[in-house]
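Participant: Would you mind keeping the following structure in view while I ask a few things?
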Amino acid sequence: MKYKVDSLSFSYKDLNILNNISFEINSGEAVCLIGPNGSGKTTLLDCVMGLHIPQQGAVTVEGRNVLDFSRKDLARFVSYLPQTHMPMFPYTVREMVLMGRSAYSGVFGQPGADDEKFADEAISSVGIESLALRQYTSLSGGEIKLVLLARALAQNAGLIVLDEPTASLDLKNEYEFLETLFSLIRERDISVLMATHSIEQAFRFEEAGISAETLMMRKGREPLKGAPSDVITSGSIGEVFGVSALISTATGESGRQFRSVSVTGKAD
Amino acid sequence: MRKVKTKNKLNPVLTLMLIATPLLLVFVSLFFGRYSVSPANVCSALLRPGSVSPAVLTVVRQLRLPRAIAAAFVGASLSVSGAAFQSIFRNPLVNSGILGVSNGAGFGACLAIVFLGGGLTVYFSSFAFALLAVVLSWFAGRVSKVTSTVSLILGGAMVSAFFSALISIMKFLADPYSQLPGITFWLMGSFASINYSHLTAVIPMALGILAVFLSRWKINVLSMGDKEAASLGVDVRKYKLLVITGATVATASAVCISGTIGWVGLVIPHIGRMLIGNNNSKLIPVSISLGACFMIVMDLIARSLTSSELPIGILCAVIGSPFFVYLLKKKKGGTVS
Chain A
1 MKYKVDSLSF SYKDLNILNN ISFEINSGEA VCLIGPNGSG KTTLLDCVMG
51 LHIPQQGAVT VEGRNVLDFS RKDLARFVSY LPQTHMPMFP YTVREMVLMG
101 RSAYSGVFGQ PGADDEKFAD EAISSVGIES LALRQYTSLS GGEIKLVLLA
151 RALAQNAGLI VLDEPTASLD LKNEYEFLET LFSLIRERDI SVLMATHSIE
201 QAFRFEEAGI SAETLMMRKG REPLKGAPSD VITSGSIGEV FGVSALISTA
251 TGESGRQFRS VSVTGKAD
Chain B
1001 MRKVKTKNKL NPVLTLMLIA TPLLLVFVSL FFGRYSVSPA NVCSALLRPG
1051 SVSPAVLTVV RQLRLPRAIA AAFVGASLSV SGAAFQSIFR NPLVNSGILG
1101 VSNGAGFGAC LAIVFLGGGL TVYFSSFAFA LLAVVLSWFA GRVSKVTSTV
1151 SLILGGAMVS AFFSALISIM KFLADPYSQL PGITFWLMGS FASINYSHLT
1201 AVIPMALGIL AVFLSRWKIN VLSMGDKEAA SLGVDVRKYK LLVITGATVA
1251 TASAVCISGT IGWVGLVIPH IGRMLIGNNN SKLIPVSISL GACFMIVMDL
1301 IARSLTSSEL PIGILCAVIG SPFFVYLLKK KKGGTVS
């Protein structure tokens, strides 16, 4: 499955947000979007989901423009994990995950036995079987993200779009969420497009052996693009985020190397 | 951490109960009323119409039966519309009148009573203005090509307030002896004047209920919000329009024969949520049945409790509100997050 963003430009009225953005995501690969607030990460995700009409360029799935898909057809290729999420009504976890099967039901359809099987399978593949009958609104932040991930899996789309999936998660939950995501990418050849404020997460993909092209978004200008270690440098962070930063490498017990970003002050 | 049933569908026993209970209540309500008819005569009136006096026949077949049927459909319409609106507007405080249906219908009825001589014009006028109010709310809430949830609710609030003011003007203009009582009674709701000709309104009510019923699982998805629902593969605009149209037609047809009964559309869905959970696949059928049962019983009480009939809108609130508070305490909330 090939997802392609081709010289995409988008502005809100006169405000230019996305400028000439191109990248491809193949099966089993990830693309990370990093950049300051308001740099256009969410806008780009919306364009990929066919929610905005770009002024120039296009997003294509297998060569077909996302805007030419019906919502139902597109949902079979692209699923979405929202940033914040608190529904008004306490559905059970299983009911939430089952909603991932909407794209496979008829106009007035109800989910069938097949869909229930898909939902149960998605629930167990992220390891939350014990939560299945709990009310979604009673879960912790980390659990909620896993439920949403299960729902995206139940949708059985080749690409999962994630908007800040680990914002507001504690260290352990963040680690577990990413590990679950990595194993899904490896085992199922899923593609991932992820916007994140935590720059170091781009390194985590690389360290886990998953190809993760990284786009450092610059509002209205072309993003910096390349492998995480090429894009994330003290120079680029200084220019784009306006802070001076050090990139350091620590070596773990098994010899694995971990990179981190430390902000040392404002950029000059 | 309440455990809720796993399956997405109602079990067959419950389904049967949901269908049988309102039918049974319609039947039971034929036996009660101010004009005393013996149970044997009620059965004869139904099975062997030739064998009973014309008065008994009229009471059972022409008065009690159409009334019970109308009450069942009105209750079901108000309740299911409320449940659907709460979910698609992502707001548990919303009721069936949220988009101005009730006040629009009220104004239409007043207008007909004051200027068109009352009678049948009341039904047509209230139905027409109920629909008009919702269309106005839709356009009032439509900001730059999109109709967002919040702007739609605000639009509905504005249109409701507008028609509420117009109702006051009508009351002010009405003749205090010949017209004002009619307006007041209409606004309090009643099934007193129902006969078979009013049951024409059952057709649009049934169609509206059906539209919501068929979309019931998609209503779950719509309650996730527009962006998420779209990403899950649901054409948000199309389904919202279908559900709102269905709920509106059902409510407008209900209100035009019963008058304003505002309370049912808010609380019956919540009682349903307490009993069966929030999954609309189950909540929608439960709301339909509960609404129907509740309204049949309320109407039965309204016409048999005292020598002069009680307005049903008032009765619903007087009996229903304490009952709801009781449920709320017993279940410790739990209908919403």
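Chains A and B supply the protein sequences, listed in that same order. When the letters of the first sequence are read in order and numbered with the working numbering, they come out as residues 1 to 268. When the letters of the second sequence are read in order and numbered with the working numbering, they come out as residues 1001 to 1337. The beta carbon of each residue, even a glycine, is placed where N, CA and C say it ideally should be.
In this structure, does DSSP put Tyr91 of chain A in helix, strand or coil?
Facilitator: On the first sequence, position 91 is the one that residue 91 of chain A refers to. The answer is coil: DSSP assigns Tyr91 of chain A none of H, G, I, E or B.
Participant: Assuming Gly1265 of chain B and Ser1079 of chain B make a contact with CB atoms under 8 Å, what is their CB distance in whole Å?
Facilitator: Mapped onto the second sequence, residue 1265 of chain B falls at position 265. Mapped onto the second sequence, residue 1079 of chain B falls at position 79. Sure, about 6 Å apart at Cβ, within 8 Å.
Participant: Closer than 8 Å by C-beta to Lys266 of chain A: which residues in its own chain qualify, once you throw out the five before and the five after it? Chain order, please.
Facilitator: Here residue 266 of chain A refers to the residue found at position 266 when the first sequence is read from its first residue. The residues are Gly242, Val243, Ser244.
Participant: One question on the structure: do Ala1070 of chain B and Leu1199 of chain B come within less than 9 Å of each other, judged by their Cβ atoms?
Facilitator: Numbered from its first residue, the second sequence carries residue 1070 of chain B at position 70. Numbered from its first residue, the second sequence carries residue 1199 of chain B at position 199. A contact, by the Cβ cut-off of 9 Å.
Participant: Please identify the residue among A:Ser7, A:Gln55, A:Tyr3, A:Lys2 whose C-alpha is closest to the C-alpha of Lys13 of chain A.
Facilitator: Counted from its first residue, the first sequence places residue 13 of chain A at position 13. Nearest of A:Ser7, A:Gln55, A:Tyr3, A:Lys2 to Lys13 of chain A, Cα basis: A:Gln55.
Participant: Check whether the Cβ of Arg1229 of chain B lies closer than 9 Å to any Cβ atom in chain A.
Facilitator: Residue numbering aside, residue 1229 of chain B sits at position 229 when the second sequence is read from its first letter. For the record, residue 1229 of chain B in the displayed sequence is Ala; it is not Arg. Closer than 9 Å to some Cβ of chain A, the Cβ of Ala1229 of chain B qualifies, so yes.
Participant: Whose C-beta lies closer than 6 Å to the C-beta of Ser1253 of chain B among residues of the same chain, with five residues either side of it excluded?
Facilitator: Your numbering for residue 1253 of chain B matches position 253 in the second sequence. Closer than 6 Å at Cβ, skipping near neighbours: Ala1201, Pro1204, Met1205.
Participant: Near Phe1031 of chain B, what residues of its chain come up, given a Cβ to Cβ distance below 7 Å and the 5 sequence neighbours on each side ignored?
Facilitator: By one-based count along the second sequence, residue 1031 of chain B stands at place 31. These residues qualify, in order along the chain: Pro1039, Val1042.
Participant: Could you tell me how far apart the beta carbons of Ile128 of chain A and His85 of chain A are, in whole angstroms, since I believe they sit closer than 8 Å?
Facilitator: Translated into positions along the first sequence, residue 128 of chain A becomes position 128. Translated into positions along the first sequence, residue 85 of chain A becomes position 85. About 15 Å separates the two Cβ atoms, so there is no contact after all.
Participant: Mark Thr166 of chain A as exposed unless 16 or more other C-beta atoms lie within 10 angstroms of its C-beta, in which case mark it buried.
Facilitator: On the first sequence, position 166 is the one that residue 166 of chain A refers to. Buried, since its Cβ has 16 or more Cβ neighbours within 10 Å.
Participant: Please confirm if the region 1189-1199 of chain B is in contact with the region 1062-1076 of chain B, defined as three or more CB-CB distances below 8 Å between the two stretches.
Facilitator: Touching, per the Cβ criterion.
Participant: Tell me whether Ala1112 of chain B, by its Cβ, gets closer than 8 Å to a heavy atom of the ligand NAD.
Facilitator: Judged by which ligands are present, the structure shown has none, so any question about the ligand NAD falls away.
Participant: Tell me the start and end of each unbroken alpha helix (DSSP H) in the region 98-141 of chain A that is at least 4 residues and wholly inside, in chain order.
Facilitator: As far as the region 98-141 of chain A is concerned, its whole alpha helix (DSSP H) runs of at least 4 residues are 113-125.
Participant: Given a cut-off of 9 Å, decide if Val59 of chain A and Lys2 of chain A are closer than it, judged by their beta-carbon atoms.
Facilitator: Taking the first sequence and counting its residues from 1, one reaches residue 2 of chain A at position 2. Taking the first sequence and counting its residues from 1, one reaches residue 59 of chain A at position 59. Result no, Cβ atoms of Lys2 of chain A and Val59 of chain A do not sit closer than 9 Å.
Participant: On the CB-based measure, 16 or more other CB atoms within 10 Å of its CB, does Glu174 of chain A come out buried or exposed?
Facilitator: Counted from its first residue, the first sequence places residue 174 of chain A at position 174. Flag for Glu174 of chain A reads buried.
Participant: Assess contact between the region 32-39 of chain A and the region 208-224 of chain A, defined as three or more Cβ pairs (one per stretch) separated by less than 8 Å. Is contact present?
Facilitator: Enough Cβ pairs lie closer than 8 Å, so yes.
Participant: Which residues mark the beginning and the end of the beta strand (DSSP E) in which Gly226 of chain A is found?
Facilitator: Against the first sequence, residue 226 of chain A aligns to sequence position 226. Residues 221-226.
Participant: Kindly indicate which three-state DSSP category Leu1041 of chain B falls into: helix, strand or coil?
Facilitator: Along the second sequence, one-based indexing puts residue 1041 of chain B at 41. Sequence inspection shows Asn at residue 1041 of chain B; the Leu mentioned does not correspond to that position. Reduced to three states, the DSSP call for Asn1041 of chain B is helix.
Participant: Give a yes or no on whether 9 Å exceeds the smallest Cβ distance from Gly220 of chain A to chain B.
Facilitator: As a working mapping, residue 220 of chain A is identified with position 220 in the first sequence. Cβ-Cβ to chain B under 9 Å: no for Gly220 of chain A.
Participant: What ranges does the alpha helix (DSSP H) occupy inside the region 1072-1130 of chain B, keeping only unbroken runs of at least 4 residues that lie completely in it?
Facilitator: The qualifying runs are 1101-1115.
Participant: Kindly indicate which residue of A:Lys225, A:Ile232, A:Gly252, A:Ser125 has the alpha-carbon position closest to the one of Phe182 of chain A.
Facilitator: By one-based count along the first sequence, residue 182 of chain A stands at place 182. Among A:Lys225, A:Ile232, A:Gly252, A:Ser125, the Cα nearest to that of Phe182 of chain A belongs to A:Ser125.
Participant: Can you name, in chain order, every residue of its own chain whose Cβ lies under 7 Å from the Cβ of Gln1086 of chain B, other than the five neighbours on each side?
Facilitator: The residue given as residue 1086 of chain B occupies position 86 in the second sequence. Excluding sequence neighbours, Gln1086 of chain B sits near Pro1092, Val1094, Pro1269.
Participant: Considering only DSSP beta bridges, list what Ser248 of chain A is partnered with.
Facilitator: Taking the first sequence and counting its residues from 1, one reaches residue 248 of chain A at position 248. Paired residue(s): A:Ser260.
Participant: With a threshold of 9 Å between beta carbons, is Val1236 of chain B in contact with chain A?
Facilitator: Taking the second sequence and counting its residues from 1, one reaches residue 1236 of chain B at position 236. It does; some Cβ of chain A falls within 9 Å.
Participant: Measure the CB-CB distance between Gly209 of chain A and Phe177 of chain A and report whether it falls below 9 Å.
Facilitator: By one-based count along the first sequence, residue 209 of chain A stands at place 209. By one-based count along the first sequence, residue 177 of chain A stands at place 177. Cβ distance not < 9 Å, so Gly209 of chain A and Phe177 of chain A don't count as in contact.
Participant: Got a sec: is the Cβ-Cβ distance from Lys72 of chain A to anything in chain B below 9 Å?
Facilitator: Here residue 72 of chain A corresponds to residue number 72 of the first sequence, with the count starting at 1. It does; some Cβ of chain B falls within 9 Å.
Participant: Grab me the residues of Pro90 of chain A's own chain with a C-beta within less than 8 Å of its C-beta, minus the 5 sequence neighbours each way, in chain order.
Facilitator: The sequence position of residue 90 of chain A within the first sequence is 90, counting from 1. Closer than 8 Å at the Cβ level, and outside the excluded window around Pro90 of chain A, lie Gln135, Tyr136, Thr137, Ser138.
Participant: Check this for me: beta carbons of Met49 of chain A and Ala1230 of chain B, under 9 Å apart or not?
Facilitator: Counting from 1 along the first sequence, the entry for residue 49 of chain A is found at position 49. Counting from 1 along the second sequence, the entry for residue 1230 of chain B is found at position 230. Yes. Within cutoff.
Participant: Are the C-beta of Val1221 of chain B and some C-beta of chain A separated by less than 9 Å?
Facilitator: Translated into positions along the second sequence, residue 1221 of chain B becomes position 221. Yes, Val1221 of chain B counts as interfacial toward chain A.
Participant: Output yes if chain B places a C-beta closer than 9 Å to the C-beta of Pro82 of chain A; else output no.
Facilitator: Within the first sequence, numbered from 1, the residue matching residue 82 of chain A stands at position 82. Cβ-Cβ to chain B under 9 Å: yes for Pro82 of chain A.
Participant: Please determine if the region 1314-1334 of chain B and the region 1270-1284 of chain B are in contact, where contact requires at least 3 C-beta pairs separated by less than 8 Å.
Facilitator: Yes, the region 1314-1334 of chain B touches the region 1270-1284 of chain B.
Participant: Helix, strand or coil: how does DSSP classify Thr1306 of chain B here?
Facilitator: As a working note, residue 1306 of chain B is residue 306 in the second sequence. The answer is coil: DSSP assigns Thr1306 of chain B none of H, G, I, E or B.
Participant: Between Asn1091 of chain B and chain A, is the shortest Cβ-Cβ distance under 9 Å, so that the two count as touching?
Facilitator: Residue numbering aside, residue 1091 of chain B sits at position 91 when the second sequence is read from its first letter. Judged by the 9 Å Cβ criterion, Asn1091 of chain B is in contact with chain A.
Participant: In the DSSP assignment, the beta strand (DSSP E) including Tyr3 of chain A goes from what residue to what residue?
Facilitator: One-based indexing of the first sequence puts residue 3 of chain A at position 3. Where Tyr3 of chain A is concerned, the enclosing beta strand (DSSP E) stretches over 3-12.
Participant: Once the 5 residues before and after Val1236 of chain B are set aside, which same chain residues still bring their CB inside 7 Å of it?
Facilitator: By one-based count along the second sequence, residue 1236 of chain B stands at place 236. Leu1222, Asp1226, Ala1229, Ala1230, listed in sequence order.
Participant: Taking DSSP as the reference, what is the three-state secondary structure of Leu1016 of chain B?
Facilitator: Walking along the second sequence from the start, residue 1016 of chain B turns up at place 16. Note: Leu1016 of chain B maps to helix in three-state DSSP.
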